[in-house]
Amino acid sequence: ERPFTLFSGFRYVKNRSTSLSGEASWRFSEKYAVVARGVVDFNEGEDLLRVFFRRYSEDHVIIFGFNMRNGEDFGVELSFEPVVGGRASGDRNVFRDQPDQNLWGAFPR
């Protein structure tokens, strides 16, 4: 796993949302990491900032952090996540699902 990662994104949903998001994470040791995430929605005039620490173990991850919404609402987060195949269940692509290429697969016959 990479020790430092950056992520950014843009989301546009007509007449609903135009937002920018970003994330920076630094895993400074085998067991500890710090992550900062931010989202700004220009249509709604809302923003969210989250800063949290992760403590990794062989079978779980403990997350402790803070979040602030619209510069006013402050919250504290504490969570416990199981690890599947060496990756936390909250991580992207933990199950490595493959999309079904059959467009008609959702319709029963």
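Residues in the sequence shown are numbered consecutively from 1346, following our numbering.
Every residue gets a Cβ at the ideal spot worked out from N, C-alpha and C, and that includes glycine.
8 Å CB neighbourhood of residue i in its chain, flanking five on each side removed
i: residue 1378; result: 1370, 1371, 1372, 1398, 1399 and 1401
i: residue 1512; result: In the structure as shown, the chain begins at 1346 and stops at 1454. Residue 1512 is therefore absent and cannot be evaluated.
i: residue 1411; result: 1395, 1396, 1397, 1419, 1420, 1421 and 1422
Cβ shell of residue i (< 6 Å), same chain only, five flanking positions each side left out
i: residue 1368; result: 1352 and 1382
i: residue 1349; result: 1371
i: residue 1354; result: 1366
Paired residues, beta bridge with residue i - DSSP
i: residue 1426; result: 1406
i: residue 1361; result: Residue 1361 is not bridged to any residue.
Status (buried if at least 16 other CB within 10 Å, exposed otherwise) for residue i
i: residue 1424; result: exposed
i: residue 1364; result: buried
i: residue 1429; result: exposed
i: residue 1406; result: buried
Alpha-carbon spacing of residue i relative to residue j, whole angstroms
i: residue 1418; j: residue 1389; result: 16 Å
i: residue 1416; j: residue 1356; result: 21 Å
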